[in-house]
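These notes concern the structure reproduced below.
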Amino acid sequence: MKILLHILLLFNFALAKNQIEPSKIFSKKQIIQILKKEARKGNLKAELKLAKIYELKNSQEKALYWYKKAAYKSAEANYQIGKIYEDLNKSSLEIVKYYNKAAKKNNIKALFALANIYYQGKIIPKDIKKAISLYKKAANKGDKFSIYNLGYIYEHAEGVDKNLTEAFNYYYSAAKKGYLNAKYNVAAFYYEGKGVKQDKKKAFQWFKEAAKDGDIESIYNVGLMYYRGEGVLKNKIYAFNYLLQAAKWSHQKAQVVLDSLCKESPWACR
């Protein structure tokens with residue numbers, strides 16, 4: 011009994027500090043038993059971990075049970091309940107109810123999820139102004155997805171006057187946080203001079219950043235810019251390598267430019 015108590019004390023300490031890898035010490039069945047023991051005492055971390063275990067096991071009913079136990083003291087639990095209800099296509103009122111509870115406590119994921127609901131208008135009436143307000147709250151907390159969506163909204167004048175400078179600023183902010191789509195848009199804006207002074211050198215740099223992340227359109231654009239010598243010194247060998255990479259993904263424009271390149275400079279295509 012003393013040994014078990016000692017183990018539980020160590021487990022509780024590690025649980026509280028988030029410094030445990032239970033699977034290296036206990037079996038899955040033991041972990042669940044220990045978590046249940048702690049969760050029944052009102053241990054929030056145990057309730058959340060137990061709910062997550064059941065969620066990953068696709069035992070949504072049990073996951074909901076423990077998330078609801080934690081919901082009165084955890085914004086994350088409220089968000090997860092809303093997410094499960096949304097995944098299960100449950101009542102729209104229940105989805106919005108729980109996302110709202112989490113959003114009121116400034117849970118970033120809930121703010122973004124609720125903004126999407128208002129933006130899409132699929133389960134409740136569309137309300138762009140409400141969506142923008144929620145996106146901005148999440149953006150102020152650093153959420154790159156919300157920042158990107160605000161850029162899109164200002165670019166396409168959805169519920170606001172079109173403002174390409176504002177759109178660029180949001181895209182740039184999201185790109186600096188590593189969001190791939192934003193990197194591509196920043197490159198495109200620099201290339202075209204939309205909302206920012208045209209700068210093909212910077213456009214090339216951002217296309218290259220997006221290309222590193224595997225964006226096919228950016229890989230094509232890097233190849234094209236090497237081929238034309240736009241924003242970078244012309245280099246047909248580099249152009250060939252990038253264009254070939256894009257062509258392998260069935261990028262038709264890349265294949266057309268590749269054919270032209272290899273006809274005029276076959277030495278570059280070896």
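Counting from 11, one number per residue, gives the positions in the sequence shown under the numbering used here.
Ideal Cβ positions, reconstructed from N, Cα and C, are used throughout, including at glycine.
Proximal residues to residue i (C-beta, below 6 Å), its chain only, five neighbours per side dropped
| i | result |
| --- | --- |
| Ser228 | Tyr194, Phe217, Ala220 and Ala221 |
| Ala213 | Ala197, Tyr200, Tyr201 and Gly241 |
| Gly52 | none |
| Ala112 | Ala85, Asn88, Tyr89 and Ala120 |
| Lys187 | Lys154 |
| Leu60 | Leu45, Ala49 and Trp76 |
| Tyr181 | Gly161, Ala192, Asn195 and Val196 |
| Lys147 | Leu121 |
| Tyr109 | Gly92, Ala120, Ala123 and Leu124 |
| Val232 | Phe217, Lys218, Ala221 and Tyr252 |
Residue i classed as buried or exposed, judged by whether at least 16 other C-beta atoms fall within 10 angstroms
| i | result |
| --- | --- |
| Ile7 | Residue 7 is absent from the structure shown; the chain starts at 11 and stops at 280. |
| Leu19 | Interpretation of Leu19 is limited by its pLDDT of 48, a score under 50 that renders its predicted location unreliable; the figure taken from the coordinates is listed afterwards. By the neighbour-count rule (16 or more Cβ atoms within 10 Å), Leu19 is not buried but exposed. |
| Ala87 | buried |
| Glu285 | Only positions 11 to 280 of the chain appear in the structure, and residue 285 is not among them; the question remains open. |
| Glu274 | exposed |
| Ala152 | The amino acid occupying residue 152 in the given sequence is Gly; Ala does not appear at that position. By the neighbour-count rule (16 or more Cβ atoms within 10 Å), Gly152 is not buried but exposed. |
| Asp269 | exposed |
| Ala123 | buried |
| Pro276 | exposed |
| Ala167 | exposed |
| Lys79 | buried |
| Asp171 | exposed |
| Tyr129 | buried |
| Leu74 | buried |
| Asn117 | buried |
| Tyr145 | buried |
| Tyr164 | buried |
| Lys139 | exposed |
| Lys210 | buried |
Boundaries (first-last residue) of the alpha helix (DSSP H) holding residue i
| i | result |
| --- | --- |
| Ile42 | Lys38 to Ala49 |
| Trp76 | Gln70 to Ala81 |
| Gln255 | Lys246 to Ala257 |
| Leu124 | Ile118 to Gln130 |
| Gln265 | Gln262 to Glu274 |
| Trp216 | Lys210 to Lys222 |
| Leu243 | No alpha helix (DSSP H) contains Leu243, which DSSP labels as neither H nor E. |
| Ser102 | Ser102 to Lys114 |
| Ile142 | Ile138 to Asn150 |
| Arg238 | Ile226 to Arg238 |
| Gly205 | Where Gly205 is concerned, there is no enclosing alpha helix (DSSP H), given that its DSSP letter is neither H nor E. |
| Asp153 | Element bounds for Asp153: n/a, residue is neither H nor E. |
| Ala85 | Ala85 to Asp97 |
| Ile63 | Leu54 to Leu66 |
7 Å CB neighbourhood of residue i in its chain, flanking five on each side removed
| i | result |
| --- | --- |
| Gly205 | Leu174, Thr175, Ala177, Phe178 and Phe199 |
| Ile17 | The predicted position of Ile17 is uncertain, since its pLDDT is 46 and thus under 50; a value taken from the coordinates is nonetheless stated next. Closer than 7 Å at the Cβ level, and outside the excluded window around Ile17, lies no residue. |
| Glu104 | Tyr95 |
| Ala184 | Lys154, Ile157, Tyr158, Gly161 and Ala192 |
| Leu254 | Leu268 |
| Lys72 | Tyr64 |
| Leu234 | Val267 |
| Ile133 | Ser102, Ile105 and Ile127 |
| Leu15 | Low per-residue confidence applies at Leu15: pLDDT is 42, beneath 50, and the placement is therefore not dependable enough to give any value. |
Contact set for residue i: own chain, Cβ-Cβ below 8 Å, skip 5 residues either direction
| i | result |
| --- | --- |
| Cys272 | Phe250, Ala278 and Cys279 |
| Leu98 | Gln70 |
| Gln208 | Tyr200, Tyr201 and Glu202 |
Next on the checklist: List, from N- to C-terminal side, the beta strand (DSSP E) runs of 3 residues or more that fit wholly inside the region 156-202.
Outcome noted: Within the region 156-202, no run of beta strand (DSSP E) at least 3 residues long lies entirely inside it.
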